[in-house]
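Mapping of the sequence shown onto the numbering used here: residues -1 to 271, in sequence order.
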Amino acid sequence: AAIISNIQDRKYVDKQNGRFVPTELGFLITKLLDKAFPTIMNPEFTAMMEDSLDRIEEGEVDYIKMLNKFYTEFEGMLRSAIRDISQHREEISKTQIKCDKCGSFMRIMINKYGAYLACSNYPKCKNTKAFYRNEKGDIAISADRILEGRKCPVCGSELVIKDGRFGEFVSCIKYPDCKYTETLTTGIKCPNNCDGELVKRKSSRGRVFYGCSNYPKCKFISSYPIVYQRCPKCGSPYMFEKDTKRGGHFYECPDKKCHFKIKADREASSNEK
């Protein structure tokens, strides 16, 4: 229990729908440990240690010599890790994605709002990009999408939907020449019956959630993905997608008085969100 709490508190993993998912910080820490402590991070390390303990118990190996050998090797790895930590961090954070402004490689950077890509040529180039991992786990840049039927109220140019550190938002396509931005709502009324709408946001751990546009006046929040499917019982224009060990994969009405549930189709749900 303590280990689970530690990796959550240190933001190495995030819990989504009852399952642990590694964060970008978790990916980087694992790569760093693989680089600095290859012997200990080897999946066979535990088995090798157990074999050594068995040999000690059977009198085949002197335990003092075995411990001296282990700690001598460990101290060497620790000294190297401390000495080369900056170099290792530089190597593991660099991606194969090139900066579209200067051609340098982009690096994974992490701050309190989550992970993002930044040009390795900083501070000469200050280009940054939002990214996601595709089905193969590869890094892909989040592309801007044209907001159909709307124009920038300041300069009349196209508006685009961008993926920022706090979630999606609307921006003028001519940014930074035109700095107009606005919050992107889902068009769904807040379940707390205030005059706000649900907004897709990101937590400091990079976790996606839905909150009310009237925050902090309204503190409604939900970590469940929204499915644009009308509830057949009460008529709610959307439902929450949930996945639990007990209930499996299903849609549930957000109305606390209704709580209608229906078995979800994974392929269909990915197209509805």
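Every residue, glycine too, gets a C-beta built ideally from N, C-alpha and C.
Nearest in C-alpha terms to residue 25, of all of 135, 101 and 100, is 135. Between the alpha carbons of residue 146 and residue 175 lies a distance of about 21 angstroms. Contact annotation: residue 210 and residue 231 have beta-carbon atoms that are not nearer than 8 angstroms. At the C-beta level, residue 216 and residue 194 come within 8 angstroms of one another. In the structure shown, the three-state DSSP call for residue 214 is coil. No Cβ-Cβ contact shorter than 8 angstroms links residue 16 with residue 254. Between the alpha carbons of residue 251 and residue 105 lies a gap of roughly 41 angstroms. In this chain, residue 205 is not harboured by any alpha helix (DSSP H), its DSSP state being neither H nor E. Ranked by how close their Cα comes to the Cα of residue 114, the residues 45, 138 and 155 have 138 in first place. Under the 8 angstroms Cβ criterion, the stretch 56 to 64 does not count as touching the stretch 76 to 84, having fewer than three qualifying pairs. In this chain, residue 119 is not harboured by any beta strand (DSSP E), its DSSP state being neither H nor E. In the same chain as residue 201, and ignoring 5 residues on each side of it, the C-beta atoms closer than 7 angstroms to its own belong to 207, in chain order. Straight-line measurement puts the Cα of residue 170 at about 35 angstroms from the Cα of residue 229. Comparing alpha-carbon positions, the option among 142, 144, 97 and 141 lying closest to residue 124 turns out to be 97.
Separation of residue 118 and residue 92 (C-alpha to C-alpha, rounded to the nearest whole angstrom) is 8 angstroms. Distances from the CA of residue 21 to each of 54, 121, 57 and 205 were compared; the closest alpha carbon is that of 205. Considered as a whole, the stretch 225 to 270 harbours 237 to 242, 246 to 250 and 259 to 261 as its complete beta strand (DSSP E) runs of no fewer than 3 residues, in chain order. For residue 220, DSSP records a beta bridge to 208.
Pairing residue 95 with residue 133, the inter-Cα distance amounts to about 17 angstroms. With contacts defined by Cβ atoms closer than 8 angstroms, residue 222 and residue 198 do not form a contacting pair. Going by C-alpha positions, residue 247 is about 13 angstroms away from residue 237. As computed with DSSP, residue 20 is found in a beta bridge with 11.
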